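J.: First, the structure itself, so that you have it in front of you.
This is the structure:
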């Protein structure tokens, strides 16, 4: 079909009255659904912009069309889409709408995620440390609160904390190892990353458990609706389609 485009084509979604024109640009429709869309909305357009849009559409449709035989209707359909889209780009202001859905964080997991992000930020900040004295002041600010939070969340994992030097012994550990500072810092970061992987693994495991519980709860609710109210079961099971047409 001549209405099949290359991977970088623009997809236009319009409502029945064509008052909303949306320009989706992505390698495929599935990726478009997961990325973003650019919306041109005539509702917020000024009268001059509406006049310009009408003139652009009229001018575009008056241009001669070249038929290649088969698929003439597809060519006209594509021509209409292209004309509307081109006119919208020239006449209306646009806004980028992200289609990425924020992941809902369960309340009980927030302390774990906070601790993971806190450690991650600290590890990143170590790239700005160039001496043992700087590392001491940095570690002295970070370690007490991190140690307390980690112990509260993982009371049976004290071995991780025991593997780290406390601030008051940091300099003596550095001297004892007989390492230059860059090598010592790399070794220090390795210990921190080990703890970071442990915390991240815990967060991933708890997220998976949360999804399993949520899925079982949803299934139980549908089963309850089925036995108690057949109409409610049907309404909760079916997806409501948006009243729009896809020009593709």
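In my numbering, the protein residues as written are 29 to 276.
Beta carbons: idealized from backbone N, C-alpha and C, even for Gly.
Just so we're clear, the structure is a prediction, and the values are computed from it rather than from any experiment.
Quick check: the Cα distance between residue 3 and residue 237, rounded to an integer number of angstroms?
T.: The structure shown does not extend to residue 3, since the chain is modelled only from 29 to 276, so the question has no answer here.
J.: Among 197, 156, 165, 150, whose alpha-carbon lies nearest the alpha-carbon of residue 174?
T.: Position 146 of the chain shown, counted from the start, is the residue given in the question as residue 174. The residue with the shortest Cα to Cα distance from residue 174 is 150.
J.: To the nearest angstrom, report how far apart residue 192 and residue 242 are at their CA atoms.
T.: Residue mapping note: residue 192 aligns to position 164 of the chain shown, counting from 1. Residue mapping note: residue 242 aligns to position 214 of the chain shown, counting from 1. The alpha-carbon atoms of residue 192 and residue 242 are separated by roughly 38 angstroms.
J.: Whole angstroms are fine: how far does the CA of residue 90 sit from the CA of residue 101?
T.: As a working mapping, residue 101 is identified with position 73 in the chain shown. As a working mapping, residue 90 is identified with position 62 in the chain shown. Near 17 angstroms, if we compare the C-alpha coordinates of residue 90 and residue 101.
J.: Look at the alpha carbon of residue 177 and the alpha carbon of residue 74, and state the distance between them as a whole number of angstroms.
T.: Counted from its first residue, the chain shown places residue 177 at position 149. Counted from its first residue, the chain shown places residue 74 at position 46. Going by the C-alpha atoms only, they are around 55 angstroms apart.
J.: What are the residues that DSSP puts in a beta bridge with residue 136?
T.: Numbered from its first residue, the chain shown carries residue 136 at position 108. According to DSSP, which records beta bridges pairwise, residue 136 is partnered with nothing at all.
J.: Report back the beta-carbon spacing between residue 147 and residue 224 to the nearest angstrom; my notes put them in contact at under 8 angstroms.
T.: One-based indexing of the chain shown puts residue 147 at position 119. One-based indexing of the chain shown puts residue 224 at position 196. Their Cβ separation, rounded to whole angstroms, is 5 angstroms, which keeps residue 147 and residue 224 in contact under 8 angstroms.
J.: Using the rule of at least 16 other Cβ atoms within 10 Å of the residue's Cβ for burial, across every protein chain shown, is residue 205 buried or exposed?
T.: Here residue 205 is taken as the residue at index 177 of the chain shown, counted from 1. Classification of residue 205: exposed, given that the 10 Å Cβ count is below 16.
J.: Taking the CB atoms as reference points, tell me whether residue 160 and residue 209 lie closer together than 7 angstroms.
T.: What you label residue 160 is simply residue 132 of the chain shown in a count that begins at 1. What you label residue 209 is simply residue 181 of the chain shown in a count that begins at 1. Cβ atoms of residue 160 and residue 209: closer than 7 angstroms.
J.: Count the CB pairs spanning the region 133 to 141 and the region 152 to 169 that are closer than 8 angstroms, and state whether there are at least three.
T.: These segments do not touch.
J.: Would you identify the three-state DSSP class for residue 91, choosing helix, strand or coil?
T.: Here residue 91 is taken as the residue at index 63 of the chain shown, counted from 1. Coil at residue 91, not helix or strand.
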